[in-house]
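Reviewing the structure listed below.
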Amino acid sequence: SEEKVEVKIVGMTCSACSTSVEKALMRLTGVRSASVALLQNKAEVIYDSSLLKEDDIKEAIEDAGFDAEILA
Ligand code: 9UX
Numbered sequence: 059s060e061e062k063v064e065v066k067i068v069g070m071t072c073s074a075c076s077t078s079v080e081k082a083l084m085r086l087t088g089v090r091s092a093s094v095a096l097l098q099n100k101a102e103v104i105y106d107s108s109l110l111k112e113d114d115i116k117e118a119i120e121d122a123g124f125d126a127e128i129l130a
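Residue 127 in full-length UniProt numbering sits at position 69 of the sequence shown, and the numbers go up by one each step.
Spelled out as structure tokens, the structure:
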């Protein structure tokens, strides 16, 4: 089913950073939408929980070079 998760992201310093995080998230099978707020250091991700787990989202952000923490 469709779930929404908020993620804290540490280490983004410019809008190219947030764009690359958004692209990394959108590349995951199961992600419906990904919106990264640079100034708030947060991402909101809507995803299909039958295809993807919260930890996959966290790992994709970390693979893109940033620290990530699932908030809720
Ligand atoms: Mo530019 Mo954002 O190198 O890291 S993409 S500061």
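Glycine included, each C-beta is placed from N, C-alpha and C at the ideal position.
Check whether residue i and residue j have beta carbons under 8 Å apart
i: alanine 130; j: leucine 86; result: no
i: glycine 69; j: phenylalanine 124; result: yes
i: valine 65; j: alanine 101; result: yes
i: serine 78; j: alanine 122; result: yes
i: residue 131; j: arginine 90; result: Past the edges of the chain, shown from 59 to 130, lies residue 131, and the structure says nothing about it.
i: alanine 92; j: methionine 84; result: yes
i: isoleucine 104; j: lysine 116; result: no
Where the beta strand (DSSP E) through residue i begins and ends
i: alanine 118; result: No beta strand (DSSP E) contains alanine 118, which is instead part of the alpha helix (DSSP H) from 112–121.
i: serine 93; result: 89–95
i: alanine 130; result: Taken as a continuous stretch (DSSP letters only), alanine 130 belongs to no beta strand (DSSP E), as it is neither H nor E.
Bounding residues of the alpha helix (DSSP H) (the contiguous stretch that carries residue i)
i: alanine 74; result: 73–84
(request) Mind listing which residues have their beta carbon within less than 6 Å of any non-hydrogen atom of the ligand 9UX? Chain order is fine. (result) The answer, residue by residue, is Thr71, Cys72, Ala74 and Cys75.
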